[in-house]
Amino acid sequence: MRKPLSAVTLAISAAFLLTSCGQGDTAAEGDGSAEAGTLVVYTNSNSEGRGEWLQAEAAEAGFDIEIVGAGGADATNKLIAEKNNPIADVVYGLNNVYYEQLKKEDVLEPYTPEWSGEVDESLADPAEDKAYWPLVQQAIVLAYNADTMSADEAPKDWPELWTEDEYKDRYERVTGMGAATTQLVMAGILSRHRDDSGELGVSEEGWSQIEQYFNNGVPAVKDLDLFARFAEGEVDLGQMPSSSIPGREEAYDVTSGAVAPEIGVPYAIEQVAVVKGTDQQEQAQEFIDWFGSAEVQGAWAQEFNSLPVNESALEQAKPEVIEFDEQFTHQDIDWTFVEENLAGWVEKIELEYMQ
Amino acid sequence: MIRFDSIRVTFDGFTAIHNLDLHVEPGEFFTLLGPSGCGKTTALRTLAGFVDPSAGDVFVDGRRVTTVPSDKREVGMVFQNYALFPSMSVWENIAFGLKVRRTSGAERDRLVEDMAARVELSGDQLHKKVSELSGGQQQRVAIARALVLKPKILLLDEPLSNLDAKLRHQLRGELKALQSDFGITTVYVTHDQDEALTMSDRIAVFNKGEVEQIGTPQEIYDASASEFVCNFIGDSSSLTPALIHRLNESTPGSPLDPARLSYLRVEKAALDLPGRDSHMHDDGSVSVSGRITARNYHGQHSRYTVRMHDADVKVLVKEDGRHGLTLGEEVRVRINPAHVLQYAGTA
Amino acid sequence: MTGSTRRMLRSPAVIITMTVLVWFIAAFLLWPNANLLIQTFFPDGQFSGRAVEKLLSSERAMTSLANSFLLAVALAITVNAVGIFIVLVTEYFHIRGARVLWLGYATTFIYGGIVLAAGYKFIYGADGIVTKFLAGFFPDMDRSWFEGFFAVLAVMTFATTTNHMLFLGSAIRNVDYQTVEAARNLGASPWTILRRVVLPTLKPTIFAVTILSFLTGLGALSAPQVLGGQDFETITPMILTFANSTTSRDLAALLALVLGVATIAMLSVMTRLERGGTYHSVAKVAAPLQKQPIGHRGANIAVHVAAYLLFLIYVFPLALVVLYSFMDSAAISTGVLTLDRFTLDNYVRVLSQQSALKPFIVSIVYSALAAIISVGGLLFVTRLMLKYRGWLMSGLEYLLHIPWILPAAMIALGLLITYDRPNPLVGGFVLSGTVVILLIAFVIVKVPFTLRMLKAAFSSVNGSMEEAAAIMGAGTLYTFRRILLPAVLPAAAAVAALNFNNLLDDYDTAVFLAHPLYQPLGLQIKANTDGGASVEAIGNTFVYTVLLMLVMGTVMYLVYGRLNRTRRSPRARRVPLQPVGGSAGTPNTDMPGTATVDGTSSARVP
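Line by line, the protein sequences are chains A, B and C.
In terms of numbering that gives the first Met the number 0, the first sequence has 316 at position 317, counting the first letter as 1, and numbering is strictly consecutive.
In terms of numbering that gives the first Met the number 0, the second sequence has 41 at position 42, counting the first letter as 1, and numbering is strictly consecutive.
In terms of numbering that gives the first Met the number 0, the third sequence has 92 at position 93, counting the first letter as 1, and numbering is strictly consecutive.
What follows is the structure, given as structure tokens:
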């Protein structure tokens with residue numbers, strides 16, 4: 000019977016491999032990370048050297064991390080899609096809207112970091128059992144090329160871009176909805192036209208604004224930076240998270256200004272959280288304790304012009320960053336309303352307005 | 000009608016035809032016969048205009064056509080596998096040549112129908128795909144396609160070679176009947192001696208790029224001009240010098256030369272059976288004794304091998320139920336020295 | 000027939016194999032796709048037209064659909080024009096240097112898909128080497144001239160003539176030369192012969208490759224993504240966009256279904272045509288085709304010029320990629336090509352930096368595993384199918400062809416939405432987010448091709464050998480192991496090698512399913528084509544391309560070079576050439592082929 004058996008084994012081994020691989024690999028992954036302690040970190044905040052910096056600093060502090068970068072919405076979607084079998088251990092950098100989504104989908108594991116006392120608790124997870132905590136905040140602004148446009152010539156608010164002829168075809172409009180910044184800009188505009196009887200809670204007027212935004216702007220070019228296009232003279236205006244402005248001004252040798260509308264600008268409060276189902280919860284928590292600490296956030300602020308939420312870290316932030324931030328007021332946005340409707344808005348925009 | 004004048008054909012240094020002179024009479028069914036690679040197909044293709052000779056000239060109906068393109072030579076050709084166009088119907092196949100000649104529609108219809116009727120293709124068959132036809136019908140389409148252009152000559156390149164034995168026999172007759180019906184000068188290429196003998200008016204036997212013999216089927220068979228022709232056509236027994244001596248002894252003044260290679264067609268030898276008619280004895284034949292060493296039974300007849308004077312002489316005996324000869328039996332065999340074919344020895 | 004089914008179920012080995020097979024079909028071929036349908040139309044157990052309404056009211060989605068069909072139709076025309084031309088100049092006409100031309104046109108065998116799209120972008124794109132070079136002379140030129148519909152169509156046209164070279168090339172070689180001579184004898188001109196005699200006999204093959212080209216255009220992913228730009232969006236990239244968002248997946252599923260239905264419709268048209276329209280050569284013995292000289296001098300010159308121009312179009316990007324893989328970063332970014340810029344840095348970097356080498360290794364491991372699993376798993380299954388022909392087996396065989404009629408995007412999406420939660424079909428495991436799910440997808444898409452090839456291999460084994468073994472008392476499994484397996488092993492190895500090649504530069508499946516930490520090469524190359532990629536990344540891509548071509552070329556040589564030398568061996572014959580690089584977006588990673596490839600397979604050979 001030995002020989003027939005070997006043939007049987009041959010025949011089924013292939014098919015069997017599929018299943019055994021499934022078990023083997025997940026197990027192996029767990030084992031591997033437990034041994035090596037590699038933390039998988041999802042973020043939308045890894046560009047301009049942030050990822051490399053963090054990886055190097057973390058390694059020095061004894062954390063072996065692997066960073067997977069994606070746009071804010073994409074990262075959120077990925078985390079939700081993987082929630083039954085999470086790859087990530089930690090997620091940072093997304094704004095509170097996404098974290099709220101993630102929490103609803105039961106992706107996050109509640110944790111209160113050591114530095115929780117150093118941050119404004121109102122910016123963190125509003126729930127009792129807090130799952131996410133703020134790291135930095137930044138204004139999402141309409142930036143313009145100050146070399147071609149004086150502060151007087153610049154628009155006073157977003158809608159002027161498509162209502163005033165002089166700005167038409169001079170501002171860059173997005174071509175994808177995956178970025179957190181983009182979604183906040185959209186949320187900032189749509190929130191102004193809240194109408195609970197309208198489609199997705201927005202009046203027709205609101206949707207017409209979005210339509211005009213897409214019709215009158217110059218489409219963005221994938222991975223071609225807005226400021227690079229300022230330098231080339233292709234466009235004069237576009238959306239930008241405030242912390243990215245100083246680095247880009249330097250890189251592309253342009254001077255920029257930011258529009259400070261009366262109604263205020265949307266703020267992104269970037270958070271950090273432990274992913275539920277991680278097999279290295281302790282390590283993930285330690286990493287968050289380290290990353291959110293005043294020391295690291297201070298260094299991060301120095302390096303990347305961020306505005307830390309951590310009060311002791313804020314002292315280390317660059318004065319010009321703080322000064323820049325002071326010109327804006329926070330737009331009054333009902334985040335619950337946004338969070339409820341954002342997915343629908345994005346889908347509608349993708350389908351109907353984006354070309 | 001057709002004349003090959005010192006034709007020589009070379010392919011990449013290999014000479015397929017050395018120096019061919021050939022003359023085909025009008026209305027003749029002329030066969031080029033030979034084993035594969037003997038140059039017969041090359042000769043036909045030279046005539047058709049698919050092969051350019053390196054020397055010599057080809058004439059059709061007195062006109063020199065050596066450099067004339069194939070379709071201007073007024074020759075129609077039926078290919079080995081008929082080369083019917085698989086993407087066209089039977090009608091379209093036959094009409095193809097007329098169409099490229101821009102024959103008017105009405106005229107074309109008339110000619111195609113006329114030709115179809117002559118080769119006995121029904122209107123029904125005309126609209127079939129060629130792949131739906133039987134082998135015989137395909138052959139008729141191929142002939143119709145060639146003849147509808149009213150060529151002066153019809154060339155047939157082994158058209159029966161890919162068919163099974165039974166169909167081959169049947170189509171052989173059909174083909175010959177069509178040819179005599181149309182009365183068209185025909186050049187036929189085959190390696191099948193049976194086909195050549197039964198269908199041809201005259202045959203040219205090819206060997207290694209040269210013509211060994213040209214003649215009527217009977218001349219080729221009964222008076223094979225060379226040892227090659229003798230062996231290639233029909234069945235014969237090789238005779239030993241000892242046997243030739245024996246024949247000469249019984250026939251005073253016999254011209255047979257023992258030093259030459261000698262053959263005897265199998266059907267020319269006969270058993271000299273006791274009690275048989277003896278009028279055969281008067282034709283100058285010689286009775287030689289030998290011993291039966293083998294028998295091959297064929298149903299209608301048996302072929303006996305009789306050992307005599309070191310020669311194995313094959314003898315055909317009709318199986319009419321009268322004789323039962325046994326192996327090892329002593330028999331006498333009658334051989335007429337006049338039937339012995341002799342060739343210069345090569346050994 | 001029921002008798003054979005009953006007889007089959009007596010052997011335990013057979014029962015185990017059958018169980019695994021049925022499970023595989025149910026878990027990976029049927030349920031994910033059925034689930035996709037359910038999720039689209041019955042998201043909460045109730046019929047919902049939401050996805051349909053949304054899509055219908057979306058101008059963008061409708062434009063994408065229209066673009067996809069436009070691309071499909073245009074591609075069917077252009078690929079035929081170019082494909083027929085290159086087949087004629089390499090196989091039919093007497094053209095000087097036809098061998099060299101053939102080699103140039105055949106580069107698509109080892110250079111296709113995302114790799115080719117990336118290559119074209121690096122050469123002709125807005126920041127491409129050629130564009131930069133030209134901009135030096137014409138500063139006002141539109142730098143993104145190679146973008147949009149035209150660019151996608153051009154790239155895909157030159158990437159997908161592989162089918163023509165395979166199928167049409169082989170069909171034209173089988174044209175009976177006597178028909179050409181007969182037509183000539185009947186007075187037809189060379190042009191008439193080509194148009195009325197030769198091309199009509201190729202019509203079924205042309206139909207088949209036309210439909211393949213159509214499907215390729217319809218499901219295009221990488222080329223529109225890389226070169227389509229803003230104004231030319233097609234369906235599959237949109238599927239990808241919506242697939243990423245959990246709330247919009249029904250839209251992705253619906254789009255994938257549209258693609259799937261179109262594919263099935265086209266393939267059934269093709270099968271119908273094939274059944275009705277094949278022109279079986281009447282000839283029992285066909286004379287080999289001889290190359291035709293072009294008599295007209297002007298035409299001859301024109302055809303030569305066109306043939307060599309095409310040759311340049313095919314070879315130029317490839318040659319530049321190879322050359323620039325040896326240039327330093329500065330040379331790549333400025334478009335200079337000089338000997339003193341020569342460096343091996345790019346190779347050193349790719350081969351020594353773990354992060355650069357990793358995608359390559361990941362791809363090799365995935366492809367090798369999938370190749371071995373698909374062939375190994377199907378060896379015994381194929382054998383059973385041939386031995387126990389019956390309703391059960393033919394039913395299962397049909398089901399195993401499912402991946403062949405569905406676009407890769409749909410298969411990937413089905414797996415993704417079905418196994419992102421624990422499912423009893425796979426032992427309660429969650430497959431999404433694991434490294435296995437891509438492997439499963441790779442195996443799935445390779446099943447139909449493997450099955451067909453192995454079937455042909457088994458059928459070509461002399462049946463008497465098996466009977467001889469049986470008379471001498473060998474058991475079924477012993478016979479399989481000692482007689483049949485060794486006989487089909489060379490063919491099986493060849494099939495595995497081709498599967499390996501085909502998956503190596505996969506993008507269309509991986510983009511949906513790859514594990515974020517184990518991204519195969521295709522994804523890396525795609526990432527490197529984005530505007531923000533560093534010069535080093537571009538250099539890496541050049542090196543990847545060269546390495547890929549080396550690996551694929553070697554595999555092709557081992558499979559075909561050796562096969563050709565051992566032609567007489569009966570068992571090594573029947574592996575038809577398979578396009579390896581894929582196309583710049585095939586409906587499926589396998590290219591369905593046509594009947595005319597070899598006489599043994601009456602239907603298509605993928």
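Here a beta-carbon is modelled for each residue, glycine too, at the ideal position from N, C-alpha and C.
Does the distance from the CB of residue i to the CB of residue j come in under 8 Å?
i	j	result
C:Phe359	C:Leu520	yes
C:Val208	C:Val197	no
C:Gly432	A:Ile86	yes
A:Glu338	A:Gln54	no
B:Arg144	B:Gly96	yes
A:Asn83	C:Arg420	yes
A:Val135	A:Glu269	yes
A:Pro265	A:Gln330	yes
By DSSP, does residue i sit in helix, in strand, or in coil?
i	result
B:Phe84	coil
A:Gln238	strand
C:Ala219	coil
C:His163	helix
A:Glu65	strand
A:Ala293	helix
A:Ile332	coil
C:Asn422	strand
B:Lys207	coil
B:Glu157	coil
C:Thr610	No answer is possible for residue 610 of chain C: the residues shown for chain C start at 0 and end at 605.
B:Met279	In this prediction, B:Met279 scores a pLDDT of 48, lower than 50, which makes its location untrustworthy; the coordinate-derived value is nonetheless stated afterwards. Looking at B:Met279 - three-state DSSP - the assignment turns out to be helix.
With a 10 Å radius around its C-beta and 16 neighbouring C-beta atoms as the bar for buried, classify residue i as buried or exposed.
i	result
B:Asn295	exposed
C:Met590	With a pLDDT of 37 at C:Met590, under the threshold of 50, the modelled position of that residue is not reliable, and no figure is offered here.
C:Phe341	exposed
C:Met155	buried
A:Gln354	exposed
C:Leu211	buried
A:Ala250	exposed
C:Thr540	buried
If I measure Cβ to Cβ from residue i and keep anything under 8 Å in the same chain, skipping five residues before and after, which residues do I get?
i	result
B:Ser53	Arg7, Val8, Thr9
B:Asn80	Asn161
Which same chain residues end up closer than 6 Å to residue i when comparing Cβ atoms and leaving out the 5 residues on each side of it in sequence?
i	result
A:Ser44	Gly92
C:Ala150	Leu226
C:Ala60	Leu54
Short of 7 Å in beta carbon distance, which residues of its chain neighbour residue i, apart from the five on each side in sequence? Order them along the chain.
i	result
C:Ala116	Val154, Ser221, Ala222, Val225, Leu226, Ala583
C:Leu512	Ala411, Leu414, Leu415, Ile436, Leu437, Ala440
C:Leu368	Leu438
B:Val50	Val8, Thr41, Arg44
Residues of the segment 237-248 of chain C whose Cβ lies closer than 8 Å to any Cβ of chain A, in chain order: Thr240, Phe241, Asn243, Ser244, Thr245, Thr246, Ser247
Contact list for the segment 423-436 of chain C against chain B, Cβ threshold 7 Å: Among the residues of the segment 423-436 of chain C, none has a Cβ less than 7 Å away from any Cβ of chain B.
Interfacial residues, the segment 156-185 of chain C to chain B, with Cβ spacing under 9 Å: Asp175, Tyr176, Gln177, Thr178, Val179, Glu180, Ala181, Ala182, Arg183, Asn184, Leu185
Residues, ordered as in the chain, of the segment 52-80 of chain C that lie near chain A by beta-carbon distance below 8 Å: Lys53, Leu54, Ser56, Ser57, Glu58, Arg59, Ala60, Thr62
Cβ-based contacts, 8 Å cut-off: residues of the segment 90-123 of chain B near chain C: Residues Phe95, Gly96, Val99, Arg100.
Residues of the segment 183-205 of chain C with Cβ closer than 8 Å to any Cβ of chain B, in chain order: Arg183, Asn184, Leu185, Gly186, Ala187, Ser188, Thr191, Arg195, Val196, Pro199, Thr200, Lys202
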